[in-house]
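*Asks:* Structure below; questions to follow.
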Amino acid sequence: MAIAVYPGSFDPVTLGHYDIIERSARIMDKVIVGVLNNSAKSPLFSAEERVNMLIDVTKGFSNVEVCAFEGLTVDFVKKCNASVIVRGLRAVTDFEYELQLSQTNHVIAPGVDTIFLTTNLKYSYLSSSVVKEIAMYGGDISAFVHPEIAERIWAKMAGIKK
Ligand code: ADP
0 MAIAVYPGSF DPVTLGHYDI IERSARIMDK VIVGVLNNSA KSPLFSAEER
50 VNMLIDVTKG FSNVEVCAFE GLTVDFVKKC NASVIVRGLR AVTDFEYELQ
100 LSQTNHVIAP GVDTIFLTTN LKYSYLSSSV VKEIAMYGGD ISAFVHPEIA
150 ERIWAKMAGI KK
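As structure tokens, then:
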């Protein structure tokens with residue numbers, strides 16, 4: 000069984016992330032979306048909130064699971080009995096960082112390989128940070144995230160501004 004882990008911050012999940020999940024679920028037998036619980040990054044949403052948002056948007060896939068993790072990605076990958084890491088590539092700016100990360104992971108865990116899916120052209124500019132920035136100033140985010148995610152972003156922003 001080909002099991003892949005798609006790790007990331009997903010703070011919050013965007014349509015760009017969703018596109019990668021949808022496509023990797025078609026290629027792999029099972030995809031585990033790994034939500035990195037890294038407090039050093041001071042995320043807008045807690046790991047639990049990020050996991051719940053991902054569970055919501057992926058409930059239509061029978062072969063996708065969502066799980067939070069801490070520590071090294073390769074340790075999480077091994078714990079999941081997976082041997083593949085999926086990452087998305089948007090622009091050249093992603094490439095250098097992703098190459099370094101995948102090579103490092105391969106040295107510390109030779110049984111684990113990283114595969115890259117190039118972004119859907121529609122979402123090549125899209126990142127969680129852009130969505131948060133637009134929402135912070137009250138802009139329209141409906142083209143970037145699922146409606147139920149947009150609602151949670153608005154609720155979070157309202158809570159912050161109180
Ligand atoms: P990280 O902090 O690990 O980069 P992100 O949530 O920002 O976490 O991204 C997780 C993965 O999803 C990364 O591989 C990133 O390149 C990919 N990704 C993010 N946005 C997009 C997008 N619009 N299209 C394709 N891949 C994307």
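Under numbering that gives the first Met the number 0, residues 0 to 161 are what the sequence shown spells out, in order. We treat Cβ as the ideally placed atom computed from N, Cα and C, and that holds for glycine.
1. Just the Cα atoms here: how many angstroms apart are Ile148 and Val56?
2. Using the beta-carbon count (16 or more within 10 Å), is Lys40 buried or exposed?
3. Do the segment 134 to 149 and the segment 18 to 36 meet, that is, are 3 or more Cβ pairs less than 8 Å apart?
4. According to DSSP, is Thr118 part of a helix, a strand, or is it coil?
5. Where does the unbroken beta strand (DSSP E) through Lys29 begin, and where does it stop?
6. Could you work out which residue in Val111, Leu116, Arg151 and Met156 is closest to Met135 when comparing CA atoms only?
7. Thinking C-beta only, is Leu125 closer than 8 Å to Arg22?
8. For a test of the three-state rule: what should DSSP assign to Glu95, helix, strand or coil?
9. Thinking just about the alpha-carbon of each residue, which of Val106, Asp93, Glu150 and Glu97 is nearest to the one in Ser175?
10. Counting only runs of 3+ residues fully inside the segment 19 to 74, write out the beta strand (DSSP E) ranges in chain order.
11. Starting from Ala1 and walking both ways along the beta strand (DSSP E), at which residues does that stretch end?
12. Looking at the strands, I want to know which residues DSSP matches up with Gly87.
13. For Pro42, is the beta carbon positioned less than 7 Å from some heavy atom of ligand 1?
14. Does ligand 1 have a heavy atom nearer than 7 Å to the CB of Gly110?
*Replies:* Well, looking at it:
1. The residue you call residue 148 lines up with position 149 of the sequence shown. The residue you call residue 56 lines up with position 57 of the sequence shown. Between the alpha carbons of Ile148 and Val56 lies a gap of roughly 8 Å.
2. To locate residue 40, count along the sequence shown from 1; it is residue 41. By the 10 Å Cβ count, Lys40 comes out exposed.
3. Segments in contact, no.
4. Reading the sequence shown from its first residue, position 119 is the one you call residue 118. Look at Thr118 here: in three-state DSSP terms it is coil, with no helix or strand label.
5. To locate residue 29, count along the sequence shown from 1; it is residue 30. Per DSSP, the continuous beta strand (DSSP E) segment holding Lys29 begins and ends at Lys29 to Leu35.
6. In the sequence shown, the residue the question calls residue 135 occupies position 136. Closest option to Met135, judged by alpha-carbon separation, among Val111, Leu116, Arg151 and Met156: Met156.
7. As a first step, residue 22 is located in the sequence shown; it is residue number 23 there, counting from the start. As a first step, residue 125 is located in the sequence shown; it is residue number 126 there, counting from the start. Not a contact, by the Cβ cut-off of 8 Å.
8. Taking the first residue of the sequence shown as 1, we reach residue 95 at position 96. The answer is helix: DSSP assigns Glu95 an H, G or I state.
9. This structure cannot settle anything about residue 175, because the visible part of the chain is limited to 0 through 161.
10. If we require 3 residues or more, the beta strand (DSSP E) runs fully inside the segment 19 to 74 come out as 29 to 35 and 63 to 68.
11. Stepping through the sequence shown from its first residue, residue 1 is reached at position 2. Where Ala1 is concerned, there is no enclosing beta strand (DSSP E), because DSSP gives it neither an H nor an E.
12. Here residue 87 refers to the residue found at position 88 when the sequence shown is read from its first residue. Gly87 is bridged to Leu116.
13. As a working note, residue 42 is residue 43 in the sequence shown. No, ligand 1 has no heavy atom inside 7 Å of this Cβ.
14. Taking the first residue of the sequence shown as 1, we reach residue 110 at position 111. Checking every heavy atom of ligand 1 against the Cβ of Gly110, none is found closer than 7 Å.
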